[in-house]
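Worksheet for the structure shown next.
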Amino acid sequence: MTIHLPDASGRLRAYKPRREPLALTSGTPFTSRTVFSAAHVVADPYADVSPDSPAAVDWDATLAFRRHLWSHGLGVAEAMDTAQRGMGLDWAGAAELIRRSAAEAKAVGGRIACGVGTDQLAAGSLEEIRKAYEEQLAVVEEAGAQAILMASRALAATAKGPEDYLEIYGHLLRQAAEPVVLHWLGPMFDPALEGYWGSSDLDAATDVFLEVIAAHPDKVDGVKISLLDAQREIDLRRRLPQGVRCYTGDDFNYPELIAGDAQGFSHALLGIFDPLGPLAAEAVRVLDTGDVKGFRELLDPTVELSRHLFQAPTRFYKTGVVFLAWLAGHQEHFTMVGGLQSARSLPHFAKAYELADGLGLFPNPELAEARMKTLLSLYGVAQ
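Going left to right, the sequence shown walks through residues 1 to 383 as our numbering numbers them.
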């Protein structure tokens, strides 16, 4: 059996799908790395909403996907900036997601950390930004989840210089009940965050970021770096205070960063570990044994798929993530919050299907093939 897939030039080519999935099972908890997947939400396809309406979420399917990730030992990074917010899910929806997912995590023994931002505001004074952060921090802490202090579009627009970042983050860290994760999201993920930490010079911005941490090392569990620059992440993690972890958010270079070197390694908080969940978990368990070569042999082949999904405009990576979740049978439709299923092209979907199938990511390859053919038919591609 073959399926005819369009390439970037519009020509069709025959592809023979894989018949057997990669054999993966759930297993013991990780011992060498802390690993989070920034999980997607499942839209309610029957809701009568527009892209401008508040998101309609299928809560049963959304929580079922989180149980899938937890069953393989992964933590869930919830209500994150690029995974759910900023393009479709507003603060009211994110707050409900946090409460529901945190309760589910408690019920099944899963690990969860939740994003804290300021998306109640389009803009505001420093005082209003601080209060917006505080409101979200309170929701996360009341839910019993770890907090991830995310970058703020409002703060990026309002801050006059590094001192404003030092003031806002210092205030939040002083009042946080437990150590938090600080997230530095680069402009390749969100152009509105250009110049974060008070400078477009990344060396200067890094110095401010480290100054925030150095002033409150007991309140920082770790930092998540999403700059898609492996060497910069390595240089930064070597400058972190003792006990502060580096969580890679680099969806282009994660195998080498997680494997690490003689001077250290990165933990992980990655969007690509949504579709790669079981395979990523297997790789980390191999790494737990000290087998770096085996870890790389499992995870290195996934980088081509990740770089494809996260290609520019990088912020639309979630379209490919949800597409693969549909093909894999984790949801019954390919509908997205905000109508973002339209954010990538048919050739992009075709390549994502081929790469994911080649990795054996689909538990039921025949279902994935049938659903891919359904999508192709909607675009007028006859098989």
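The beta-carbon is built from N, C-alpha and C at its ideal position, and this holds for glycine as well.
Span of the beta strand (DSSP E), counted from its first residue to its last, around THR248
Start and end: 245-248.
Ordered along the chain, which non-local residues of its own chain (more than five positions away) have a Cβ less than 7 Å from that of ARG344?
Result list for ARG344: PHE316, THR319 and GLY320, in chain order.
Which value, in whole angstroms, describes the spacing of the CA atoms of SER377 and PHE265?
Rounded to whole angstroms, SER377 to PHE265 spans 45 Å at the Cα level.
Take ILE98 and list the residues in its own chain whose beta-carbon comes closer than 7 Å to its own, dropping the five residues that flank it on each side.
Contacts found: GLU78, ALA79, CYS114, VAL139, VAL140, ALA143 and ALA145.
For the structure I just gave you, are there three or more beta carbon pairs, one from the region 172-188 and one from the region 118-126, closer than 8 Å?
No, the region 172-188 does not touch the region 118-126.
Is the beta carbon of PHE273 sitting closer than 8 Å to the one on SER37?
Taking the C-beta atoms as reference points, SER37 is found nearer than 8 Å to PHE273.
First and last residue of the uninterrupted alpha helix (DSSP H) at PRO6:
No alpha helix (DSSP H) holds PRO6; the beta strand (DSSP E) holding it covers 3-6.
Where does TYR317 fall in DSSP's three states?
Three-state result, TYR317: helix.
Exposed or buried, which one is ALA176 when buried takes at least 16 other CB atoms within 10 Å?
It counts as buried.
THR2 and TYR15 closer than 8 Å at C-beta
A Cβ-Cβ contact shorter than 8 Å links THR2 with TYR15.
So what does DSSP say about ALA192, is it helix, strand or coil?
Of the three classes helix, strand and coil, the one that applies to ALA192 here is helix, per DSSP.
Return the CA-CA distance between ARG11 and GLN231, expressed in angstroms with no decimal places.
So the two alpha carbons sit approximately 38 Å from each other.
Taking the runs of the beta strand (DSSP E) that are 3 residues or longer, which of them lie wholly in the region 199-234?
Taking only runs of at least 3 residues, the beta strand (DSSP E) segments lying wholly in the region 199-234 are 220-226.
So what does DSSP say about VAL322, is it helix, strand or coil?
Three-state DSSP puts VAL322 in a helix.
Do you know offhand how far SER32's Cα is from ALA312's?
Cα to Cα, SER32 sits roughly 32 Å from ALA312.
Please confirm if the region 195-209 is in contact with the region 242-251, defined as three or more CB-CB distances below 8 Å between the two stretches.
In short, these stretches do not touch, since the Cβ pair count stays below three.
Cutoff 6 Å; reference HIS267; Cβ partners in own chain excluding five residues on either side:
Contacts found: ARG33, THR34, ARG245 and TYR247.
Are the CB atoms of GLY338 and PRO51 within a distance shorter than 8 Å?
A contact, by the Cβ cut-off of 8 Å.
Beta-ladder partner(s) of ILE112, from DSSP:
Answer is VAL76.
Leaving out five residues on either side along the sequence, give the residues of the same chain with a beta carbon under 7 Å from the beta carbon of LYS351.
Cβ within range, chain order: HIS308.
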